[in-house]
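1419 is the number of the first residue of the sequence shown in my numbering; add one for each residue after it. Glycine included, each C-beta is placed from N, C-alpha and C at the ideal position. The block underneath contains the structure these notes are about, expressed in structure tokens.
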Amino acid sequence: MSGKLRRRTSTLKRLLLLVLPYKGWIATSLVCMVGFNIFTAAPPFYAKDIVDAIAYGDVPQLKQYFLVGFALVIVFILKGFFFFGHVYCLGRLVQRLVAELRQRLFDHLLSLSFSFFTRSKTGDLISRFTNDLHVFQNTLQIGVTGPFRDIPQFFVFLGIMFYRSWDLALVTLAIIPIALLFIRIFGRRNLKAVDKRQLSFSGLSSLLVETISGIRVVKAFGMERYESKRFDKANEELYRNHMRSILIDSYSTPVIEVIGATAGATIVAYGGYLILNDQITAGDFTSFLLSFFLLNDPVKKLNGFNLKLQEGIAALRRIFEILDTEPEIVSPPNAIKLKAFEREISFEINDFRYNGAQDSVLQNLNLTVRKGEAVALVGSSGAGKTTLANLIPRFHDVTEGSVKIDGHDVRTLDLHTLRNMIAIVTQDTILFNDTIANNISYGHPECSQERMVSAAQAANAHDFILEQPDGFDTFIGEKGAKLSGGQRQRLSIARALLKDAPILILDEATSALDSESEIEVQGAIEYLMANRTTIVIAHRLSTIRNADRICVVEGGTIMEEGTHDELLRKGGRYRQLHAMQFRDNTIPCSQQRRSGTIG
1419 MSGKLRRRTS TLKRLLLLVL PYKGWIATSL VCMVGFNIFT AAPPFYAKDI VDAIAYGDVP
1479 QLKQYFLVGF ALVIVFILKG FFFFGHVYCL GRLVQRLVAE LRQRLFDHLL SLSFSFFTRS
1539 KTGDLISRFT NDLHVFQNTL QIGVTGPFRD IPQFFVFLGI MFYRSWDLAL VTLAIIPIAL
1599 LFIRIFGRRN LKAVDKRQLS FSGLSSLLVE TISGIRVVKA FGMERYESKR FDKANEELYR
1659 NHMRSILIDS YSTPVIEVIG ATAGATIVAY GGYLILNDQI TAGDFTSFLL SFFLLNDPVK
1719 KLNGFNLKLQ EGIAALRRIF EILDTEPEIV SPPNAIKLKA FEREISFEIN DFRYNGAQDS
1779 VLQNLNLTVR KGEAVALVGS SGAGKTTLAN LIPRFHDVTE GSVKIDGHDV RTLDLHTLRN
1839 MIAIVTQDTI LFNDTIANNI SYGHPECSQE RMVSAAQAAN AHDFILEQPD GFDTFIGEKG
1899 AKLSGGQRQR LSIARALLKD APILILDEAT SALDSESEIE VQGAIEYLMA NRTTIVIAHR
1959 LSTIRNADRI CVVEGGTIME EGTHDELLRK GGRYRQLHAM QFRDNTIPCS QQRRSGTIG
């Protein structure tokens, strides 16, 4: 068995396992489908007697079949009833299955490690959530009818054909394998086309998310035409891959119909011969011909089902790729649940590198942060400051060495308990398209209004909140778009205050603010830092001069360590950074450009 066939078989088995819990709905649908097929087969089955009665002038028999005409009305009513039951049961199965798969996919995404999201494209993940699930849903809605309705119909009509004339039926059977061969060929080609189409859609989604999230930069640099060309290229690729699928779909149905027409012509010619030789009656032939033409419909639908099945397999495979991704960072068995942070955080890092990376980000780094201490990390961009801080909540694990809290390696701690002990405020403030109240109380939805107001007041956010149209119940837009940068940052600080965690990580918390906003936010940060163990990552050295210790991180290790005054007296790297920053703040921009300090 080839690798592709194994993957396809595995995907189908997993699909079956997803469907099995709904066996009650499937059974009801099957019962309805049996009834539907029985009543669908009634008209061609009784056509023989009616046609023969007309052909031979059998008046008493014809009078009897006038009553059959009225009975046919009842037949179609019952057929419609069973069809409704089949469609409703399958529809409920499909919608429930897709909803649960969507929830399962979302919950699994939340369980994945931080590194998964740094490796993945946002647009690709969104594509799997939207487009792939939509394709899978369509496959179930249209495709599940195949095995439940069309295959039974195929055998019912084939059975009538054999009952009326076995030799005519054998002629038909000789042509069916040719049709099935073409169905298989079309299915394989369509699977390849669908795989490419899904990848193209994923790439287009990623480009769209990237452009919208970076629209300020696009407009600031006048890159609209460039981004338009990028989008046009990706859009054309998606168009071409869509057209490949459409092409296969458009010529597969006519090919199957031509094969059916060839079979029909053969049947008419041979059937006429049998009638002339009195081997079958006109009624037999009419019943056979009706069954044959009704047989064509499930054959064509099975071809469409096969194409849809290939699309569904491709989409489901991409969904399973995420579901099969194991979280890299989880709580260990018998994890330790710390009740409180009591002494220190210690770093003993021999080596840290990101998954699959060749170069070390941190190496030979030793640092101890005592309870209640404020330690600042400074250094050039890419030195490893944020990476070091991210090791505390286990966004990543060290490659060699350890990070310990109160002597316990963080890898031995319960992950939920560990992260509950840590509050993080970053430069890129993360707010949700919800009310101010829900953003402040994020993680603590049960908190009282009094606690929320106190946190907002301590973060210097209360006054501007009351100025909003609905106060704490004001919706702030996607990523807090209706607020200024300083207002967003103060909400983030209020959220951290409400969490009341003993360990605080401030990652460039004021670097993106103007001077006025920075003053307001800095006051809130100082209140937040009080009586907490704080790791401060800072670009503006003026904001960390009062830190208990300052660590200069360069090349993934600590180059210098001490207070602001001690490091200035040493005359090392910190003094260079300090001199460069304050010189850059005083000399004209034109002079900075000539000296090469900016631009």
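Euclidean distance between Cα positions of residue i and residue j
i: Ile-1698; j: Arg-1602; result: 35 Å
i: Ala-1855; j: Glu-1818; result: 42 Å
i: Leu-1985; j: Met-1998; result: 15 Å
i: Ser-1620; j: Leu-1527; result: 17 Å
i: Tyr-1440; j: Val-1512; result: 10 Å
i: Ile-1840; j: Lys-1822; result: 14 Å
i: Gly-2017; j: Glu-1518; result: Unreliable positioning characterises Gly-2017 in this predicted model, as indicated by a pLDDT of 29, which lies under 50. The coordinate reading is nonetheless provided below. Distance between the alpha carbons of Gly-2017 and Glu-1518: 52 Å.
i: Phe-1457; j: Gln-1728; result: 31 Å
i: Arg-1736; j: Arg-1537; result: 16 Å
i: Asp-1827; j: Glu-1654; result: 52 Å
i: Arg-2012; j: Leu-1995; result: Annotation note: pLDDT 35 at Arg-2012 (below 50); position unreliable, no value reported.
i: Ala-1879; j: Leu-1656; result: 47 Å
i: Cys-2007; j: Leu-1959; result: With a pLDDT of 37 at Cys-2007, under the threshold of 50, the modelled position of that residue is not reliable, and no figure is offered here.
i: Asp-1613; j: Val-1516; result: 20 Å
i: Gln-1521; j: Leu-1530; result: 15 Å
i: Arg-1606; j: Leu-1741; result: 25 Å
i: Thr-1429; j: Leu-1435; result: 10 Å
i: Pro-1920; j: Gln-1905; result: 24 Å
i: Gln-1867; j: Ala-1874; result: 11 Å
i: Gln-1559; j: Gly-1509; result: 7 Å
i: Gln-1845; j: Glu-1926; result: 5 Å
i: Val-1574; j: Ala-1733; result: 33 Å
i: Phe-1535; j: Ile-1976; result: 28 Å
i: Arg-1987; j: Thr-1548; result: 59 Å
i: Leu-1916; j: Asp-1891; result: 17 Å
i: Glu-1675; j: Tyr-1669; result: 10 Å
Under the three-state DSSP convention, the category residue i falls into
i: Asp-1369; result: Any property of residue 1369 remains undetermined from this structure, which presents the chain solely from 1419 to 2017.
i: Thr-1704; result: helix
i: Ala-1873; result: helix
i: Phe-1770; result: strand
i: Ala-1794; result: strand
i: Gly-1895; result: coil
i: Arg-2032; result: A query on residue 2032 cannot be resolved here, the shown segment of the chain reaching from 1419 to 2017 and no further.
i: Phe-1765; result: strand
i: Arg-1788; result: strand
i: Leu-1663; result: What sits at residue 1663 in the sequence shown is Ser, not Leu. It is helical.
i: Cys-2007; result: The predicted position of Cys-2007 is uncertain, since its pLDDT is 37 and thus under 50; a value taken from the coordinates is nonetheless stated next. Helix at Cys-2007.
i: Leu-1586; result: helix
i: Ser-1531; result: coil
i: Ala-1681; result: helix
i: Gln-1845; result: coil
i: Asp-1613; result: helix
i: Ser-1709; result: helix
i: Asp-1742; result: coil
i: Val-1452; result: helix
i: Thr-1981; result: coil
i: Ala-1997; result: helix
i: Tyr-1858; result: Here residue 1858 is Ile; the residue named in the question, Tyr, does not match the sequence. In this structure, Ile-1858 counts as helix in the three-state DSSP scheme.
i: Thr-1458; result: helix
Presumed contact (8 Å Cβ cut-off) between residue i and residue j, rounded CB distance
i: Leu-1914; j: Val-1816; result: Reading off the sequence, residue 1914 comes out as Ala, not Leu. Actually they are not in contact, since the Cβ atoms of Ala-1914 and Val-1816 sit about 25 Å apart, beyond 8 Å.
i: Lys-1719; j: Asp-1568; result: 5 Å
i: Trp-1584; j: Cys-1507; result: So it is not a contact: roughly 36 Å between Cβ atoms.
i: Glu-1978; j: Gly-1990; result: 5 Å
i: Ile-1968; j: Thr-1951; result: Not confirmed; about 16 Å, so no contact.
i: Arg-1869; j: Leu-1836; result: With 8 Å as the limit, Arg-1869 and Leu-1836 do not qualify as a contact, their Cβ atoms being about 23 Å apart.
i: Phe-1706; j: Leu-1586; result: 6 Å
Contacts around residue i, its chain only, beta-carbon distance under 7 Å, and the 5 residues preceding and following it disregarded
i: Ser-1778; result: Asp-1769, Phe-1770, Arg-1771 and Gly-1974
i: Phe-2000; result: none
i: Lys-1900; result: Ile-1894
i: Ala-1611; result: Asn-1659, Arg-1662, Ser-1663 and Ile-1666
i: Glu-1760; result: Lys-1789 and Asp-1824
i: Thr-1830; result: Pro-1750, Ala-1753 and Ile-1754
Beta-carbon contacts of residue i that lie in its chain and below 8 Å, excluding the five residues immediately before and after
i: Asn-1857; result: Leu-1849, Phe-1850, Ile-1894, Gly-1898, Leu-1909 and Arg-1913
i: His-1834; result: Ser-1749
i: Pro-2026; result: Outside the shown range of the chain, which is 1419 to 2017, sits residue 2026, and nothing can be said about it.
Spatial neighbours of residue i in its chain, beta-carbon cut-off 6 Å, leaving aside the 5 residues before and after
i: Ile-1923; result: Ala-1807, Ile-1842 and Ile-1953
i: Val-1553; result: Glu-1729 and Ala-1733
The ligand COA heavy atom lying under 8 Å from the CB of residue i
i: Leu-1708; result: The ligand COA is not among the ligands present in this structure, which contains no ligands whatsoever.
Notebook entry, point to check: Counting pairs of beta carbons, one from the segment 1673-1682 and one from the segment 1587-1594, are three or more of them closer than 8 Å?
Noted result: yes
Notebook entry, point to check: With a cut-off of 8 Å, do at least 3 Cβ pairs link the segment 1793-1802 to the segment 1742-1760?
Noted result: Between the segment 1793-1802 and the segment 1742-1760 there are fewer than three C-beta pairs closer than 8 Å, too few to call the two in contact.
Notebook entry, point to check: Contact between the segment 1488-1498 and the segment 1437-1451: three or more CB pairs below 8 Å?
Noted result: No, because fewer than three Cβ pairs between the segment 1488-1498 and the segment 1437-1451 fall closer than 8 Å, the two stretches do not touch.
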